[in-house]
Amino acid sequence: MVAANADFRVFHNHFFSQSSSLLKGLNKEQRKALVKSSLYRKLAELETQLGVDQGYLTIDNKTGKAVEREFSGEFRLRLAKSLHQKLVIEAKREHVSLNQLCLIKLAQPLETASGGNSTGLR
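Under the working numbering, the residues of the sequence shown are numbered 1 to 122, in order.
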């Protein structure tokens, strides 16, 4: 099992990228043998599960294969009326649309310098 705090991108780069530490130092024949091994298949399964769990991948209903998740760029947000009011007032004061203001606020770094998550949800 992969650690609960494992990051899909780090896992992928470590095991499957061209600069993978798993593949470093292996010649072409050794790489081919590794790719055919049960260990490699298990790593690929773990990578897929981690990618799905973290929202980077989704399972295609037609093929059953993992594919990169596509995002529409839209989502609905419910918030307190008082917060909605404050955001509208701030947007008017800054001469930007409510959407632009929210984009600016959401674009602020979501992770702290220590690697932690600023929401406190971890």
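The beta carbon of each residue, even a glycine, is placed where N, CA and C say it ideally should be.
When burial is assigned at 16 or more other CB atoms within 10 Å of the CB, is residue i buried or exposed?
i	result
residue 50	buried
residue 8	buried
residue 57	buried
Are the beta-carbon atoms of residue i and residue j separated by less than 8 Å?
i	j	result
residue 16	residue 45	no
residue 77	residue 90	no
residue 87	residue 98	yes
residue 26	residue 34	yes
residue 31	residue 43	no
residue 60	residue 67	yes
residue 14	residue 21	yes
residue 128	residue 55	Here the chain covers residues 1 to 122 and nothing more, so residue 128 does not appear.
Does DSSP classify residue i as helix, strand or coil?
i	result
residue 74	coil
residue 36	helix
residue 58	strand
residue 51	helix
residue 44	helix
residue 82	helix
residue 11	helix
residue 98	helix
Among all the DSSP beta bridges, which residues are the ones paired with residue i?
i	result
residue 67	58
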